[in-house]
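A short write-up of the structure that comes next.
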């Protein structure tokens, strides 16, 4: 949910449609059951070869339309977040997921209701969420791991699905494991690894065994 909230503020407050679109693409992938590997790269970055997902242009168009449409897609930041923005968002995102399943065979996650809870949303318009879009702040950069290859960054947030996190922790024996290695070695000072809430119970001991600390 936080990705979609941030995307709303980026679009309406910062007028940063590109980063808003990337955030929506990541958020949509997190709502799918076993999305194709590399899906976010294919969708969020037009220069990425489509590989095994030839329908990527049509999929990109569907997610882009959702991102920029405040009526049928990502609702306006002027709406009260918990009582107006959230109900409209839930209807619209479910319509998008139905479209993705029908046209592209992408199945929504079984626990979609839990992922779309409004917990933490303020009883106020998102346009006032200065912590998500402060002109004085350094802008949040959203990239794929491949795009950050060779760079050294102060802080990295690596967003994973459960199977990606497991392969990351298992080492560099698989392609996904190697991608995780690249992500982790970009960070100079701080590495955050985000995992799905419903996978935390299984993943917690694996991360702790590697020296990670949980941040609530």
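In full-length UniProt numbering, the protein residues as written are 1 to 216.
We put the beta carbon where it would ideally sit given N, CA and C, even for glycine.
Ends of the alpha helix (DSSP H) at residue i?
i: residue 3; result: 2-12
i: residue 61; result: 56-68
i: residue 204; result: 200-209
i: residue 18; result: 17-30
i: residue 91; result: 86-104
i: residue 128; result: No alpha helix (DSSP H) holds residue 128; DSSP gives it neither H nor E.
i: residue 115; result: 112-115
Using only the alpha-carbon positions, how far apart do residue i and residue j sit?
i: residue 92; j: residue 172; result: 39 Å
i: residue 7; j: residue 16; result: 9 Å
i: residue 204; j: residue 27; result: 22 Å
i: residue 110; j: residue 57; result: 26 Å
i: residue 34; j: residue 125; result: 33 Å
i: residue 13; j: residue 68; result: 13 Å
i: residue 194; j: residue 200; result: 10 Å
i: residue 119; j: residue 19; result: 24 Å
i: residue 184; j: residue 44; result: 21 Å
i: residue 211; j: residue 182; result: 18 Å
i: residue 96; j: residue 167; result: 30 Å
i: residue 180; j: residue 164; result: 8 Å
i: residue 94; j: residue 177; result: 31 Å
i: residue 87; j: residue 42; result: 29 Å
i: residue 137; j: residue 72; result: With a pLDDT of 48 at residue 137, under the threshold of 50, the modelled position of that residue is not reliable, and the figure given next carries that caveat. For residue 137 and residue 72, the distance between alpha carbons rounds to 30 Å.
What distance in whole Å lies between the Cβ atoms of residue j and residue i, which are believed to be in contact at a cut-off of 8 Å?
i: residue 62; j: residue 100; result: 7 Å
i: residue 187; j: residue 156; result: 4 Å
i: residue 66; j: residue 74; result: 6 Å
i: residue 104; j: residue 59; result: 6 Å
i: residue 123; j: residue 160; result: Contact doesn't hold; Cβ gap of about 32 Å is too wide.
i: residue 39; j: residue 23; result: About 15 Å separates the two Cβ atoms, so there is no contact after all.
Mind checking which residues open and close the beta strand (DSSP E) that includes residue i?
i: residue 156; result: 153-159
Could you work out which residue in the options is closest to residue i when comparing CA atoms only?
i: residue 108; options: 1, 22, 30 and 44; result: 30
i: residue 209; options: 190, 178, 194 and 170; result: 170
i: residue 213; options: 190, 197, 199 and 179; result: 190
i: residue 113; options: 127, 36, 81 and 89; result: 89
i: residue 1; options: 176, 64 and 196; result: 196
i: residue 198; options: 162, 72, 206 and 207; result: 162
i: residue 106; options: 4, 5 and 37; result: 37
Give me whichever residues DSSP pairs with residue i in a beta bridge.
i: residue 169; result: Residue 169 is not bridged to any residue.
i: residue 226; result: A question about residue 226 goes unanswered here, because the residues of the chain that appear run from 1 up to 216.
i: residue 35; result: In DSSP, residue 35 forms no bridge with anything.
i: residue 108; result: 32
i: residue 80; result: 125
i: residue 194; result: 159
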